[in-house]
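Visitor: Please read through the structure below; I'll follow up with questions.
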DNA sequence: GTTTGTTAGTAAAGCTTACGAACAAACTAT
DNA sequence: ATAGTTTGTTCGTAAGCTTTACTAACAAAC
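Protein chains in written order, with the numbering used here: chain A, 6 to 384; chain B, 6 to 384.
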């Protein structure tokens, strides 16, 4: 008699569920299955999902009617029985626009296909714009991208720095001078296309999960002009009580002082790790030994800050995103060694720490994942 | 076209959903509504849930048939229209057995009603038992409790120390000498009643949420012979990648050394905070000023460990459970002040830190919540 | 070439679930 | 008395999935 959907971990039913919702869920389940496994027959999908062949045929008929799924011929194997008609998502029928607002001086965007592959790019220098001006640049960038698209657009995904609520309102984004800016709604009105706006680090975490092979209990640490993070717990992005989950840049780390931060506190994680600080420190170092020490210290600080988080959340993976020449190497090594030294090996001995495999496109692609999951229930 | 149930935050549909599952969900929704708001008419429930009166009548008929809901007479107000027939959960029809295995020397249990009120108690000294012997004592305790029950038993909930998986297998519980012990299954077989086994700190977090008025993004820190914690994020308990979420006792805290822990590391949270250590330190202190210093230092360490967690998770509340005379006062004050000093006031300025209001029964009652939620979808 | 058995996909019928329309019962207000 | 309001039920309908039974299309064995 266990109730609730999803993974059964949610304790309280919150809203009614009608048969049509169940239908939508099963519909997404079909697309999800096709998205992940590629070419399958109706019978394959039935076996995979547990639904009957009849129901799958019915759902697939709907999806074919909407041009979301196509038949791609018969399976060519030697086997008794009627040959299977292979299906796939109509991966070439729609395109997605992804936008990354998290870089310090540039807005970047891309046109992606349903597999998250980047088909075209555009960027726009921010040139110090803030407030309404900055939003106008987002709109201009999207317009450029829409022109580059060669298929109908499934939706627009935007990864924004700062604190973003579930409705895509940017509550605060200091660098852009935004407060309570309803970017998602504004863009949706402007372009009449579904829009999703999400925090940049959360987008990155989703991208790493969907495209980078990350596990379901993962933290993505994004190092740049500031330091932020995105969390995926049991496969679900964490937003936090005030949508500020992942904001670890201004957590004080260690009990031995440090530099004064722009926020006024002493020894914030950013004072050790943010790229301007790190670059400055490295520029002042004369020997390569000193440079190594600086990188080690930075990684150690990150490890000190993350150890309690790893312990509390039982993470299985930490992924770093940011300048490879700074992060990948001594710094990453110091981080994982510090975490190992400060947590229980029984639980966290096989914690993995690695660089992202998605490079600079991580936020773009995460924004695309949000569109996919929002519009198709697929990711 | 957004898919998925629950809060819409899960991204991937994982299993099929049939109409009967939707029915079960709505059924739980009705019970949930009655559980929280008490006496309501069918029409009230319909308004509350968004389902129609017809559907509610149908669901309620089922629930009355199962003796889970009863009619308790007509509403006595002066109003136009046909008088409403009030309903309520049949709170007196079933009882729950809750068991707390987390105390160092004693297994405690209770018979509870559906509101979580304790109707009777029993306990059994552990007397150093481990392994199979310890499990035999759990069974003996449950037998005693079943005899005390005066109504059919809805289920048995057990809060166990250690690492417990989703199937109620105690993967490791050092104090009890348990590894991979399938306690939930064993008890279910022995008593032929639904059983739920869950980690003690997770149970405590659930209890605090259901009965203690805690918010939905909360950490419960349980201080006793060891130090553990339970996390509720967006109202969902966090289990972690290896079911070890919340295990913060052996996270090293600070960068200035400390005492050596039984685990071999130096400066684990437990070396500052576990009650044996604290009591010993306090016994060695001569002046009350020294004692205050010790308590302050302990609280400060807890704050140092929690600050990154608060930042990463954007928690709104931290609840302490354990010996009031140690925790409530200087220690708690030091903790919250330390967290405040080490995180961003914009986000965490209104973080609340408080003692539990549920006292020593917190685990028992949390175990009961698991039974309620598992059997009725209510909590 | 025929028979046997398997697999894919469809069609029809039936069950469950929720809904809307309509209504009776029971009450208040005028 | 009459009109209006609210509750809860009955009846018929639409949606969604299942079961059952079918056709189509093939391989293997004779």
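Even glycine gets a Cβ: it sits at the ideal position worked out from N, Cα and C.
Contact criterion: CB-CB distance below 9 angstroms. Does residue 166 of chain A meet it with respect to chain B?
Guide: no
Visitor: My guess is that residue 202 of chain B and residue 163 of chain B are in contact by the Cβ rule of under 8 angstroms, so how many angstroms apart are they, rounded?
Guide: 4 angstroms
Visitor: Using a Cβ-Cβ cut-off of 9 angstroms, state whether residue 173 of chain A counts as contacting chain B.
Guide: no
Visitor: Determine, using beta carbons only, whether residue 309 of chain B comes closer than 9 angstroms to chain A.
Guide: yes
Visitor: Give me the Cα-Cα distance between residue 36 of chain B and residue 91 of chain A, rounded to the nearest whole angstrom.
Guide: 45 angstroms
Visitor: Determine the chain B residues that contact residue 230 of chain A at a beta-carbon separation under 8 angstroms, and present them in chain order.
Guide: Ordered by position in chain B, no residue passes the 8 angstroms Cβ test against residue 230 of chain A, which lies about 17 angstroms from the chain.
Visitor: Checking the sheet assignment: what are the DSSP bridge partners for residue 227 of chain A?
Guide: In DSSP, residue 227 of chain A forms a bridge with A:233, A:326.
Visitor: So the candidates are A:184, A:199, A:254; which of them puts its Cα closest to the Cα of residue 103 of chain A?
Guide: A:199
Visitor: Can residue 211 of chain A and residue 242 of chain A be called in contact, C-beta distance under 9 angstroms?
Guide: yes
Visitor: In chain A, what lies closer than 9 angstroms to residue 321 of chain B by C-beta?
Guide: 245, 246, 247
Visitor: Give me the Cβ distance between residue 100 of chain B and residue 118 of chain B, rounded to the nearest whole Å; I'm assuming they're in contact under 8 angstroms.
Guide: 6 angstroms
Visitor: Give the DSSP-derived three-state secondary structure of residue 83 of chain B in the structure shown.
Guide: coil
Visitor: Following the continuous alpha helix (DSSP H) through residue 210 of chain B, name the residue where it begins and the one where it ends.
Guide: 205 to 216
Visitor: What whole-angstrom Cβ distance do residue 222 of chain A and residue 246 of chain B have, given they're in contact under 8 angstroms?
Guide: 4 angstroms
Visitor: Any beta carbon from chain B within less than 9 angstroms of residue 342 of chain A's own beta carbon?
Guide: no
Visitor: Against chain A, does residue 52 of chain B count as a neighbour if the rule is that its beta carbon must be under 9 angstroms from one of theirs?
Guide: no
Visitor: On the DSSP letters alone, give me the boundaries of the beta strand (DSSP E) that residue 178 of chain A sits inside.
Guide: 175 to 178
Visitor: Quick one: complete beta strand (DSSP E) runs, 3+ long, within the segment 122 to 185 of chain B?
Guide: 123 to 130, 158 to 165, 175 to 178
Visitor: Between the alpha carbons of residue 315 of chain A and residue 256 of chain A, how many angstroms are there, rounded?
Guide: 15 angstroms
Visitor: For my contact list, residue 62 of chain A and residue 382 of chain A are in at a C-beta cut-off of 8 angstroms; report their separation, rounded to the angstrom.
Guide: Cβ atoms of residue 62 of chain A and residue 382 of chain A stay farther apart than 8 angstroms, at about 19 angstroms.
Visitor: Quick one: using the 10 Å Cβ neighbour count with 16 as the cut-off for buried, is residue 367 of chain B buried or exposed?
Guide: buried
Visitor: Would you tell me roughly how many angstroms separate the C-alpha atoms of residue 358 of chain B and residue 106 of chain A, rounded to the nearest one?
Guide: 35 angstroms
Visitor: State the Cα-Cα distance for the pair residue 159 of chain A and residue 183 of chain A, rounded to the nearest angstrom.
Guide: 27 angstroms
Visitor: What number of angstroms, rounded off, separates the C-alpha of residue 214 of chain B from the C-alpha of residue 237 of chain B?
Guide: 8 angstroms
Visitor: In this structure, does DSSP put residue 350 of chain B in helix, strand or coil?
Guide: helix
Visitor: From what residue to what residue does the beta strand (DSSP E) around residue 103 of chain B run?
Guide: 100 to 105
Visitor: Comparing alpha-carbon positions, which option in A:168, A:303, A:260, A:268 lies nearest residue 233 of chain A?
Guide: A:168
Visitor: Should residue 129 of chain B and residue 114 of chain B be called a contact, given that it needs their Cβ atoms to be closer than 9 angstroms?
Guide: yes
Visitor: Using only alpha-carbon positions, find the residue among A:30, A:263, A:339 that is nearest to residue 297 of chain A.
Guide: A:339
Visitor: Report the option in B:78, B:24, B:26, B:252 whose CA atom is closest to the CA atom of residue 318 of chain A.
Guide: Per the C-alpha coordinates, the member of B:78, B:24, B:26, B:252 positioned closest to residue 318 of chain A is B:252.
Visitor: Return the CA-CA distance between residue 8 of chain B and residue 145 of chain A, expressed in angstroms with no decimal places.
Guide: At residue 8 of chain B, the pLDDT of 33 sits below 50, so the modelled position is not reliable; the number obtained from the coordinates is stated separately. C-alpha separation (whole angstroms): 31 angstroms.
Visitor: Exposed or buried, what is residue 378 of chain A when buried is set at 16 or more other beta-carbons lying within 10 Å of its beta-carbon?
Guide: buried
Visitor: Please go through the segment 23 to 61 of chain A and give each complete alpha helix (DSSP H) segment of 4 or more residues, from N-terminal end onward.
Guide: Runs of the alpha helix (DSSP H) inside the segment 23 to 61 of chain A: 24 to 42, 47 to 54.
Visitor: Across which residues does DSSP place residue 303 of chain A in a beta bridge pair?
Guide: The partner list for residue 303 of chain A (beta bridge, DSSP) is empty, contrary to what the question assumes.
Visitor: What residue range does the beta strand (DSSP E) around residue 3 of chain A cover?
Guide: Here chain A comprises residues numbered 6 to 384, so residue 3 of chain A is not present and cannot be evaluated.
Visitor: Can you tell me whether DSSP reads residue 344 of chain B as helix, strand or coil?
Guide: helix
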